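Going by our numbering, the first residue of the sequence shown is number 11, and it counts up by one from there. One structure is given here, and the rest of the page talks about it.
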Amino acid sequence: IARVSGAEVDITERTRVLEIRGSKVQRRKAHKYAVGIMAQRTGPVSVREDYEDGDLTMLSVPQEAVGFVTGQGGNFLRSIEEEWGALMLF
């Protein structure tokens, strides 16, 4: 989240509070990404039109290609994120 938003992000384990510091744009993006990541833990992520603020590209992935795109345990998806500095939600 910090890498792709440019914000400083810390989580306090005891209270489970996520602190986000940075410019208004950095904080907004970090918050948006955190919400998306938390939503992904419980199922597919739905992206609303107001989610777009110049940092979003959406692709439709056919069901038969999902495993190829994500890789085993999401490893391929994570490697793309790392290499390109992106955050990918499914």
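Ideal Cβ positions, reconstructed from N, Cα and C, are used throughout, including at glycine. Since we're looking at a predicted model, the values are computed, not measured.
Same chain, Cβ closer than 7 Å to residue i, five either side skipped, listed in chain order
i: residue 96; result: 14 and 90
i: residue 44; result: 11 and 28
Cutoff 8 Å; reference residue i; Cβ partners in own chain excluding five residues on either side
i: residue 68; result: 57
i: residue 32; result: 15, 16, 17, 18 and 40
i: residue 87; result: 79, 80, 81, 98 and 100
Beta-bridge pairing of residue i - partner residues as DSSP gives them
i: residue 30; result: 19
Beta carbon of residue i nearer than 8 Å to that of residue j
i: residue 24; j: residue 30; result: no
i: residue 55; j: residue 46; result: yes
i: residue 61; j: residue 42; result: yes
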